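Heads up, the sequence shown is in the working numbering, so the first residue is 774 and it goes up one at a time. All residues carry an ideal CB built from backbone N, CA and C; glycine is no exception. This one's a predicted model, so the numbers in the text were calculated from it and none came from an experiment. Contents: one structure, followed by commentary.
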Amino acid sequence: MKIRLGVISEEHNINILQEVIEEYNDYEITAFIDSDGTHTLNIIDSHQQEFDSWLVFDQINYLHIKNWGKAQKPVYYIPYRGASFYKTLCTAIYQGFKIDELSIDTIPYYDITRALDDMQINYNVINHLSDEHGALSLNGYAAFHRELFKKGITKAAVTKSCYVKSLLESEGIPAFCIMPVRVTVRNILNVILTQFRIKKLREGQIAVQVFSFNLLGDKDNFYSVDDLYSREIAISQKLISYTKNISGSLKPANEGNFYIFTTRGSLEQLTNSFTSLPELPILRDLNKSLQACGIGIGNSAREAEYNAVIALKHACADQKGSWYVVLDDKTISGPLGSAQQIDYQYASVQLEAVSKKTSLSQATLSKICHALKIYGRDELNAQELATILQILPRSARRILTCLTEHGYAEEIRSEMPETKGRPRKIYKIKL
């Protein structure tokens, strides 16, 4: 499978890329010329689903895309530093310009000083434009060079943009354009290729999804064996349709449990990378009797099934109809699509030892560690813990008391709540 790569840049950069890309058989290239950098976001927004990755030719354009935050596919950029800058600097010095007489944009300040030190070039000042957050447009870059030139501080400009170079030269300001070197382009293409292959391998991981349904319904209802069998068949038929959507295979188990074997990529796409519940009419029809759903990812069918069962247990302990996922790195996430969705680890040698001493599950201990990360401190009260764990405050107090008794928490002070009530005990957690 070839990588569909969308390239956005000035024409001269695209020409360099096309020379290098001939060495590869792994890419399908579509080039978009954007001389002044004002159309990049619109180009990406209009072609989101047509490409696997995007490539731009400088970190400033990359920062604009990153700040925009709506690119749905990976974005890479060709850095303008190192050999690219050395070459341009040598050209400027050869033409008689001193480093103090140049204004330089885009290149990180450290790279400039390192290049000058390597070349044993003395300097008093470096006229450098720092735009680490990508806040300026190309016209802003041109204004920087223009102002220094008009004040007599500089005699020439070094820029990453041929568009800026053309603007300055049209005003009689000497300018040099930093060009990407082929070895850098080649390195980035290799990075894109490697990341793409890793992504495909990851998407091909085995995934097991377990649905648990309440076939008996409410406690006041009575169902004969035939009724239960009919309900199971009806659920199976709907799950078969769902399974086809994710290119999976359905295996009914017992007591209302159904196992679906598929791939990680299919479920990631369906759940927006395990952050939301799928909006499918078939699943909405099943929600009334759905108890819980667990998804497991693994490098083998056995590992994926094991993780799916763990995820199902967490989902059953949560609200009715909850979905949880356990990834191959033992990260648990859930409930999917909830504002309270959290990610935490359940596999830890340290937490395993704490679990044995306190009889608290590793999952509960992992959630407490996650709560500390959320609050950004190692102190909390029972109310805060209850909010994160989605349990009653008295249950949270029991957990904190248990940790204190075994030396993993310490009561350090009390504070009065904003409303009426007893003082809240603050505990320092020592996990």
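Nearest to residue i (by Cα), restricted to the options the options
| i | options | result |
| --- | --- | --- |
| Ile951 | Val983, Leu974, Ile880, Gln978 | Ile880 |
| Leu1109 | Gln1123, Lys1093, Leu1124, Asp1102 | Lys1093 |
| Ile851 | Val898, Val956, Gly1067, Ile816 | Val956 |
| Ser1095 | Tyr853, Leu1173, Ile1006, Leu1059 | Leu1059 |
| Ile946 | Leu1133, Pro953, Ile787, Glu920 | Glu920 |
| Asn897 | Asp878, Ile872, Asp884 | Ile872 |
| Ala1144 | Gln1163, Val981, Val958 | Gln1163 |
| Cys1066 | His1087, Arg1057, Ala1077, Ser1046 | His1087 |
| Gln1042 | Arg1075, Glu783, Lys846 | Lys846 |
| Asn963 | Asp1102, Leu828, Tyr1148 | Leu828 |
| Asn761 | Ala915, Asn912, Leu909, Glu874 | A query on residue 761 cannot be resolved here, the shown segment of the chain reaching from 774 to 1204 and no further. |
| Ile1055 | Arg1195, Ser1014, Glu1005, Ser939 | Ser1014 |
| Arg959 | Val793, Asp1101, His812, Gly869 | Val793 |
| Ile1141 | Gln791, Leu1204, Pro1166, Tyr936 | Leu1204 |
Reduced DSSP category for residue i - H, G, I as helix; E, B as strand; rest coil
| i | result |
| --- | --- |
| Gly1107 | strand |
| Asn1030 | strand |
| Asp825 | coil |
| Pro1054 | helix |
| Ser876 | strand |
| Tyr1181 | coil |
| Pro1166 | helix |
| Arg955 | helix |
| Arg1037 | helix |
| Glu1188 | strand |
| Ser1049 | coil |
| Glu1152 | strand |
| Ile1202 | strand |
| Lys843 | coil |
Identified DSSP bridge partners for residue i
| i | result |
| --- | --- |
| Glu801 | Arg777 |
| Asp1091 | The partner list for Asp1091 (beta bridge, DSSP) is empty, contrary to what the question assumes. |
| Phe984 | Phe1031, Cys1066 |
| Asn900 | Ser876 |
| Trp1096 | Cys1066 |
| Cys950 | Thr932 |
| Tyr850 | Val829 |
| Tyr1079 | DSSP lists no partner for Tyr1079. |
| Arg1197 | Glu1188 |
| Pro1025 | Phe1031 |
| Gly1071 | Ile979 |
| Ser782 | Ile806 |
| Gly1115 | In the sequence under discussion, the amino acid at residue 1115 is Ile, which differs from the Gly named in the question. According to DSSP, Ile1115 bridges with Gly1107. |
Assumed close pair residue i, residue j - CB separation to whole angstroms, cut-off 8 Å
| i | j | result |
| --- | --- | --- |
| Gly1029 | Phe986 | 4 Å |
| Asp878 | Phe917 | 7 Å |
When you compare the segment 904 to 924 with the segment 826 to 845, are there three or more beta-carbon pairs, one atom per stretch, that lie closer than 8 Å?
Short answer: they touch.
Closer than 8 Å is the cut-off here; do at least three beta carbon pairs connect the segment 792 to 799 with the segment 807 to 823?
Touching, no, given that fewer than three Cβ pairs across the two stretches are closer than 8 Å.
Examine the Cβ distances between the segment 1011 to 1024 and the segment 1032 to 1042 and report whether three or more of them are shorter than 8 Å.
Two segments are said to touch when three or more pairs of C-beta atoms, one from each, lie closer than 8 Å; by this definition the segment 1011 to 1024 touches the segment 1032 to 1042.
Hey, is the segment 861 to 872 in contact with the segment 806 to 817, meaning 3+ C-beta pairs nearer than 8 Å?
Fewer than three Cβ pairs drawn from the segment 861 to 872 and the segment 806 to 817 lie within less than 8 Å of each other, which leaves the two stretches out of contact.
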